[in-house]
Amino acid sequence: MTDDARFGPPPDRRGWRTMLLLLIIAFGGGIGATALFVAQYRPLLMAGGPTPQPVSAPQASAPTPGPFVPPPEIRAAPQSPDERALAMRISGLAAQLATLEARTMAVDREARGAAGYAERAESMFAVFAARRAIDRGLALGAVEPVLRARF
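By the count of this note's numbering, the sequence shown reaches residue 170 at its end, each step adding exactly one.
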């Protein structure tokens, strides 16, 4: 008997193309699952909840506008059916505009909170990089100007 004889089936080797295909399929599945989640729970997401406030600096909150009140000349009873339709259209557009303004303010508030969290994360990243350099006994190098700017 020879030592060169192989016993059992040959080892299963997957090429890089197979791995790339599996990675793309997994990525697409993640996107699909996220889209399904957002489509399923959109009303809950739009209802809002506690919004994160930025940690860095307190900001004065903008006054929230009240409901839209049409001018006095629009509130008067219209005389013709065309004027009634126009008044209804104007009030409908005013309500839509108020809704859009409220959504814009909510997005702005969330963006400010995200900016505060991003700034805090960047500061923590700089501190951890400095600590790692100090623990290794290395010079701070490129981290030093970032630390000076942040602290």
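Cβ coordinates follow ideal geometry from the N, Cα and C atoms, glycine included. Bear in mind that the values here come from a model prediction, so they are computed numbers and not experimental data.
Exercise. Under 8 Å between the Cβ atoms of Val165 and Ala134?
Worked result: no
Exercise. How many Å lie between Gly156 and Met124 at the Cα?
Worked result: 48 Å
Exercise. Could you give the residue range of the alpha helix (DSSP H) that holds Gly85?
Worked result: Note, Gly85: premise wrong, no alpha helix (DSSP H); not H, not E.
For this session: Output the distance between the C-alpha atoms of Ser142 and Ile153, rounded to the nearest integer angstrom.
Result: 17 Å
For this session: Look at the alpha carbon of Ala1 and the alpha carbon of Leu39, and state the distance between them as a whole number of angstroms.
Result: Since the first residue of the chain shown is 20 and the last is 170, residue 1 is not available in this structure.
For this session: Closer than 8 Å by C-beta to Leu116: which residues in its own chain qualify, once you throw out the five before and the five after it? Chain order, please.
Result: Phe87
Exercise. Which class does Ala134 belong to by DSSP, given the choice of helix, strand or coil?
Worked result: helix
For this session: Go ahead and label Val162 buried or exposed: buried means 16 or more other beta carbons lie within 10 angstroms of its beta carbon, across all protein chains shown.
Result: buried
Problem set entry | Where the alpha helix (DSSP H) containing Ala158 begins and where it ends | First-last for Ala158: undefined, no H or E at that position.
For this session: With a cut-off of 8 Å on the beta carbons, I'd call Ala149 and Leu159 a contact; round off their distance for me.
Result: 6 Å
Exercise. Helix, strand or coil: how does DSSP classify Gly34 here?
Worked result: coil
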